[in-house]
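Shown next, in structure tokens, is the structure this report addresses.
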Amino acid sequence: MEILKGAGTSARLKEDVRKMLDTLGGRIPKLAIIRVGVRPDDVSYERSAVKKLESFGLQAETFSYDQDISDQDFKREFKRINEDKDIDGILLLRPLPKQICEKDLEAMIDPEKDLDGISPVNVAKVFAGDDSGFAPCTTEAVVEVLKQNQISITGKRVVIVGRSMVVGKPLSMLLLKENATVTICHTRTKDLKGICREAEILVAAAGKARMLDEEYVAQDAVVVDVGINVDENGNLCGDVDFDSIREKASIATPVPGGVGAVTTAVLAKHLVQSCVKKFGACTE
Ligand code: NAP
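Below, the structure is given as structure tokens:
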């Protein structure tokens, strides 16, 4: 089995970002990362995103708020950031505390700054196959990993385990646009093993540590693991039991170091694209 790390795809995206930056006449795109509370996952993601964006020649500013901030106060802050002309993109770390209405924020966010595809405008574009908006970064990372590694998608039987609005559903649309034949599975799916074993490309996005072992994988399948979980020993792992599929899969992405590594690179690409849309034409 070939282990497909995300670093190569990330490096190629960095090159794309560099070329787009050259068209901006010295303007450095800026991302606002908005965090409420101090969940360790959010803090560590925020730290690594800032580092990665800086390594891509971009800027990131973090805005952090108290876990108990009221809905009204948070929306006032969010509106200020949303309207700030110096900010080209927004990443809202979720889930938010329950007193804050996420649906309202999805409707408020400027679609041009919504780099992770949460606004109804961007969701609709993904479902309409219109690539002028932003898809969720992780879903685009999956497609980038496949395409950049010359794994053909057209006509392939793809099975996605997971139907969330963050990964499963939008990813199914992106892969459909690439002419795959897509099946989406979830907790009520009957014969999950049998369906997964039909997949030429199997995408795991269930959020269940190592739930998919070799019994779910067809001989020579390509396996893309989107899951990020912490196992019983406190180690990071995916949804796929990586060791057990070694003799079955032809190619598989590891966790960590697979899709996750590409997700932030896609975020960087979206940030510079957002800026190019606004200012690129001025320098042409
Ligand atoms: P989620 O909202 O919890 O959705 C999980 C989906 O998987 C649901 O549709 C659920 O089905 C399905 N599922 C769960 N257990 C299952 C089982 N035993 N059999 C079949 N289907 C099952 O999670 P998410 O936000 O989509 O994230 C999924 C995973 O991706 C998580 O591990 C998350 O940490 C990771 N993630 C990674 C990145 C990245 O950058 N790599 C980004 C985002 C998320 P039901 O709908 O029936 O409940």
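FYI, in the working numbering the residues of the sequence shown are 906 to 1189. Even glycine gets a Cβ: it sits at the ideal position worked out from N, Cα and C. Model, not experiment: these values are computed from the prediction.
In this chain, the alpha helix (DSSP H) harbouring residue 1179 covers 1164 to 1184. Residue 986: not part of any beta strand (DSSP E); member of the alpha helix (DSSP H) spanning 976 to 988, first to last residue.
Secondary structure of residue 1004 (DSSP, three-state): coil.
Taking 8 Å as the cut-off, the Cβ atoms of residue 967 and residue 985 do not count as close.
Under the criterion of beta carbons closer than 8 Å, residue 1144 and residue 1111 qualify as touching, at roughly 5 Å.
Contact between residue 1047 and residue 1076 holds, with the beta-carbon distance rounding to 6 Å and staying under 8 Å.
Counting only runs that start and end inside the region 1113 to 1144, the beta strand (DSSP E) elements of at least 3 residues fall at 1127 to 1130. Taking 8 Å as the cut-off, the beta carbon of residue 996 is found closer than this to the beta carbon of residue 1020. Residues of the same chain with a CB within less than 6 Å of the CB of residue 1078, apart from the 5 flanking positions on each side, are 1031 and 1032 in chain order. Within the region 1012 to 1094, the complete alpha helix (DSSP H) runs of at least 4 residues fall at 1025 to 1033, 1042 to 1053 and 1073 to 1082.
With a minimum length of 3 residues, the unbroken runs of beta strand (DSSP E) contained wholly in the region 938 to 979 fall at 964 to 970. Apart from sequence neighbours up to five positions away, the residues of its chain that approach residue 1134 with a beta-carbon distance below 6 Å are 1114 and 1142, ordered along the chain. Taking C-beta separations shorter than 6 Å and ignoring five residues to either side along the sequence, the partners of residue 1101 in its chain run 1064, 1107 and 1121, following chain order. Those residues whose C-beta sits under 5 Å from the nearest heavy atom of ligand 1 are, from N- to C-terminal order along the chain, 1043, 1067, 1068, 1069, 1071, 1072, 1091, 1092, 1110, 1111, 1112, 1113, 1131, 1132, 1133, 1164, 1165 and 1168. Counting only residues of its own chain and dropping the five nearest sequence neighbours on each side, residue 1161 has a CB closer than 8 Å to the CB of 1133 and 1141.
One Cα belongs to residue 1082, the other to residue 1049, and the distance between them is close to 13 Å.
Here DSSP, grouped into helix, strand and coil, assigns residue 907 to strand. By the neighbour-count definition (other C-beta atoms within 10 Å, threshold 16), residue 943 is an exposed residue. In terms of Cβ geometry, residue 934 and residue 1176 form a close pair [threshold 8 Å].
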